Structures are given as C-alpha cells and as structure tokens.
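When we follow numbering that gives the first Met the number 0, the leftmost residue of the sequence shown carries the number 0, and every step to the right adds one. The beta carbon of each residue, even a glycine, is placed where N, CA and C say it ideally should be. Quantities reported herein were computed from a predicted structural model and do not represent experimental measurements.
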Amino acid sequence: MPVKNKRLSIPYPSDDEIEKQVNMIVAKGLTKKLSFFSSLYELMRQVGWRAIFINRVEGLITGILTLIVWAYFYLGNHTSSADTSHFYVLLFVLSPLIFISLMLCSYYYKKLAQTFELEMTTKYTIFQLLAVKMLVFSSVAIIINMTCVFLLSLTFNVDVLRGILLSMTGLFSFSAGLLLFLMSGNFLRRVFVFMGVWGLVNGSSFIVCGEQYQFILKELPSFVYGIILAVSFCVYMISLKHVFNRKQEEGLSC
0 MPVKNKRLSI
10 PYPSDDEIEK
20 QVNMIVAKGL
30 TKKLSFFSSL
40 YELMRQVGWR
50 AIFINRVEGL
60 ITGILTLIVW
70 AYFYLGNHTS
80 SADTSHFYVL
90 LFVLSPLIFI
100 SLMLCSYYYK
110 KLAQTFELEM
120 TTKYTIFQLL
130 AVKMLVFSSV
140 AIIINMTCVF
150 LLSLTFNVDV
160 LRGILLSMTG
170 LFSFSAGLLL
180 FLMSGNFLRR
190 VFVFMGVWGL
200 VNGSSFIVCG
210 EQYQFILKEL
220 PSFVYGIILA
230 VSFCVYMISL
240 KHVFNRKQEE
250 GLSC
C-alpha cells in the first residue's frame with residue numbers, strides 16, 4: 000500500500016520572538032561604544048602610566064624651566080612687592096609654559112628615542128595618546144602653578160584666589176585655543192604657530208595699552224574670571240574629544 004506523505008509541522012516563531020532574537024544577536028555581536036571618558040580611562044589602563052608620564056630627562060628640563068620662570072617672577076617683583084600688576088600679567092601669559100614645555104619635551108624625547116613612528120602602528124592613534132597626555136599635563140601644570148602662586152603669596156602682596164583663577168584661565172584659554180588649532184593640519188607646525196600668536200597678541204596688548212591691560216588683569220572681578228574659566232574649560236573638553244577622535248592618517252607629517 001502506498002504511504003501517504005505527511006507534512007511536518009514546523010513551529011514558526013512569532014514576530015515578537017524574531018525581533019527579540021535579532022536584538023539579542025546584534026547586542027552580542029556588536030561591541031558597545033564607550034563614552035569619551037570611558038575611552039580615556041581604558042586607554043590609560045591598557046597603555047599604562049609609564050607611556051604617558053615624562054621620563055627623568057624631560058622632568059629635569061621642565062623643573063629647570065619652571066625655576067627660571069618663577070625666579071624671574073621673584074626678581075621682577077623683589078624691588079617693589081606692593082606693585083603686583085606685572086606679576087598678574089606674567090602669570091596669565093606664562094601659565095601655559097609648564098604645560099607646553101611638557102608637551103614639547105615629550106614629543107622631542109619620542110623623536111630622539113625613535114618611538115614616535117612605532118606609536119603610529121599601535122592599537123591607539125597618536126592623537127588619542129596626545130589627548131590623554133594633554134589632559135594629564137594640564138593637571139600637572141595646574142598643581143605646579145597653584146603651588147607657585149601660594150608660595151609667592153607668602154612673600155608678595157598677591158591675592159591667592161585671583162592668582163589661581165588667573166593662572167587657570169590663562170592655561171585653559173591657551174589649551175582650548177591650541178586644541179581647536181590641532182583639530183586639523185600638521186601638529187608640530189601648528190603648535191609653534193599658536194605659541195607665536197599667543198605671545199604676539201598678549202605682548203602687543205601689553206606694549207600698546209600696558210596700563211589698561213594690567214588694570215583689567217588685576218581688577219577684573221573674580222566671578223568674571225570664573226565665567227571665562229568655565230567657558231574655556233568646556234571648549235577645552237569639547238576640542239579634546241575632537242582631537243581624540245581624529246584619524247591616524249591626518250597630520251602624520253608632525
């Protein structure tokens with residue numbers, strides 16, 4: 000007798016079950032994109048602090064440079080401790096000096112040790128490493144500047160709060176402008192160009208309208224400096240994120 004064909008009963012999933020399974024596969028297959036701060040932390044955790052902090056030679060150069068700058072502050076105000084106008088001008092203009100010296104020393108050491116090209120082949124881009132270093136060096140510069148302001152206030156008639164606000168405003172204004180400048184183009188050339196622009200603008204302001212320039216830096220209310228500092232810091236962090244996400248092949252001639 001002929002055997003009748005029996006159709007197999009296949010249980011098809013419902014639309015809700017299909018959507019649930021697809022979402023589960025996608026969630027497991029795609030890695031979750033980390034936030035900016037999580038990416039920074041992960042980079043520092045995997046690379047290690049030794050690849051971020053400067054070595055002994057860089058630290059020695061930076062320390063000597065710091066002593067020279069702040070010794071100049073001391074000698075410049077030693078004859079007249081009551082007149083602190085020049086101090087506030089120097090504090091604002093030269094507060095980024097520690098930061099930029101750390102950056103340039105780090106770059107010079109890597110070129111000297113011939114490890115700069117090696118960094119281009121690693122998991123993280125040179126711009127991601129640069130962003131982390133800028134964040135770390137900014138923190139170091141803040142600590143050094145605050146310490147120097149406090150020590151100088153013990154000898155001279157310096158408002159500690161105003162000095163710290165002025166120092167941080169100068170640092171983050173410079174850093175934010177530099178990062179905006181580094182969002183495209185050659186790295187090293189743009190650093191030197193921006194340093195020249197910073198010195199030229201502030202130097203010209205001091206020469207052309209010296210008394211007014213000193214008066215603004217010395218007498219501007221602290222809350223105004225606080226607002227400028229907050230805006231500069233926001234621009235700094237936004238620009239830092241853009242530099243962090245910059246592609247490796249851009250600006251490799253640095």
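Practice problem: Please find out if some non-hydrogen atom of the ligand COA comes closer than 7 Å to the beta-carbon of Ile226. | Solution: Of the ligands one can find in the structure shown there are none, so the ligand COA has no counterpart to examine.
Quiz item: Roughly how far, in whole angstroms, is the beta-carbon of Leu164 from the beta-carbon of Gly225, given that I think they are within contact range, below 8 Å?
Solution: Beta-carbon to beta-carbon, Leu164 and Gly225 are separated by about 7 Å, close enough to satisfy the 8 Å threshold.
Exercise. Starting from the Cα of Leu103, find the closest Cα among Phe205, Val190, Asn201 and Tyr212 and give me that residue.
Key: When Phe205, Val190, Asn201 and Tyr212 are compared, the shortest CA-CA separation from Leu103 is found for Val190.
Quiz prompt | Every unbroken alpha helix (DSSP H) within the stretch 154 to 197, with a cutoff of 4 residues, ordered by chain | solution = Note on the stretch 154 to 197: whole alpha helix (DSSP H) runs with a minimum of 4 residues are 159 to 180, in chain order.
Quiz item: Straight-line CA distance for Lys132 to Ile17?
Solution: Rounded to the nearest angstrom, the gap between the Cα atoms of Lys132 and Ile17 is 47 Å.
Quiz item: Quick one: is Tyr11 near chain B, going by C-beta distance under 8 Å?
Solution: The chain labelled as chain B is not found in the depicted structure, where only one protein chain is given.
Practice problem: Note down the Cα distance separating Tyr235 from Ala175, rounded to an integer number of angstroms. | Solution: Separation of Tyr235 and Ala175 (C-alpha to C-alpha, rounded to the nearest whole angstrom) is 4 Å.
Quiz item: Helix, strand or coil: how does DSSP classify Ser254 here?
Solution: In this structure the chain extends from 0 to 253, so residue 254 is not present and cannot be described.
Exercise. Please report how far the alpha carbon of Gly169 lies from the alpha carbon of Cys208, in whole angstroms.
Key: Each residue's alpha carbon lies about 19 Å from the other.
Quiz item: Between the stretch 84 to 93 and the stretch 212 to 223, are three or more C-beta pairs nearer than 8 Å?
Solution: With a cut-off of 8 Å, the stretch 212 to 223 and the stretch 84 to 93 count as touching, because enough Cβ pairs lie within range.
Quiz item: Which word fits Tyr40, buried or exposed, when buried means at least 16 other C-beta atoms lie within 10 angstroms of its C-beta?
Solution: That one is exposed.
Quiz item: Going by beta carbon distance, what residues of the same chain come within less than 7 Å of Phe232, once the five residues before and after it are set aside?
Solution: Taken in chain order, the residues that qualify are Phe171.
Practice problem: Tell me whether Met167 is buried or exposed, calling it buried when 16 or more other Cβ atoms sit within 10 Å of its Cβ. | Solution: Met167 is buried by the Cβ-count criterion.
Quiz item: How close, in whole Å, do the beta carbons of Met182 and Arg245 come, if the pair is a contact with beta carbons under 8 Å?
Solution: Contact between Met182 and Arg245 is confirmed by a C-beta separation of about 7 Å, below the 8 Å threshold.
Self-check item: Coarse secondary structure for Cys304, derived from DSSP in three states
Solution: Residue 304 falls outside the range modelled here, since the chain spans only 0 to 253, and no answer is possible.
Exercise. Put Tyr11 into one of helix, strand or coil per three-state DSSP.
Key: Under the three-state reduction of DSSP output, Tyr11 falls in the coil class, being neither helix nor strand.
Quiz item: DSSP on Thr124, reduced to helix/strand/coil?
Solution: Coil at Thr124, not helix or strand.
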